[in-house]
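Numbering (UniProt numbering), first residue to last: 1 to 149.
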C-alpha cells in the first residue's frame, strides 16, 4: 500500500516545497506519494519562492511546477505522515486534528535526528545562503525519512 506524506511550513513557498521535492527524489514514487502545504493561506496558487526553486535546481531537483496550498483538516484523512518544519507549524496543524490518533501523525521533520536542530528555520527574510542551509538540513532529514519509509 502506497504511503502518503505531507510536508508543512507556514506559507508553502520555502521549506515545505523543498521538503516535498527532496523527499520525492529519494523515494520510489510507486511506494511513496509526497505533497506539501502551508498553515497560512498567503500564497495559495503561487509557485514556490524563486530562491527555493533555484536552490533545488542547483541540486538537480525541479520544484517549479508546485503550487502553494493551505493545510486543511481533511489532510489528516488523506495522509499517513505529516511532517512540519517548526513548533509553530506543529501547534497549528495539531490544533486541527480531529482526534488523538490523527494528531499522532504530526511530527517535526528533524525529530529524532541529533545532528540537526529541532526546527528547520524559515529562510524567507534572509538571502540565498539561508536557502542553501535549509536545503542541507531538509536533505539530511529526508535521507533518514526515506530509509524509514
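Even glycine gets a Cβ: it sits at the ideal position worked out from N, Cα and C.
Asked, Found
"Count Cβ pairs between the stretch 66-77 and the stretch 27-34 that sit closer than 8 Å; are there 3 or more?", "no"
"Helix, strand or coil for residue 3? Go by DSSP, reduced to three states.", "strand"
"Less than 8 Å between the beta carbons of residue 84 and residue 8, yes or no?", "yes"
"Do residue 138 and residue 106 have their beta-carbon atoms positioned less than 8 Å apart in this structure?", "no"
"Is residue 137 helix, strand or coil when you go by DSSP?", "helix"
"Cutting at 8 Å between CB atoms, please list the residues of its own chain near residue 75, excluding the five before and the five after it.", "6, 37, 82"
"Suppose you measure from the CA of residue 133 to the CA of residue 126; what does that come to, to the nearest Å?", "11 Å"
"Tell me where the beta strand (DSSP E) around residue 22 begins and ends.", "That residue, residue 22, is in no beta strand (DSSP E); its alpha helix (DSSP H) goes 15-26."
"Sort 47, 55, 44 by Cα distance to residue 123 and report the nearest one.", "55"
"What separation, rounded to the nearest whole angstrom, lies between the Cα atoms of residue 118 and residue 1?", "30 Å"
"Per DSSP, what are the beta-bridge partners of residue 70 in this structure?", "38"
"Mind checking which residues open and close the alpha helix (DSSP H) that includes residue 44?", "Segment: none, residue 44 is in no alpha helix (DSSP H) and carries neither H nor E."
"Identify, in the order they occur along the chain, each residue of the same chain with its Cβ nearer than 6 Å to the Cβ of residue 24, setting aside the five sequence neighbours on each side.", "34"
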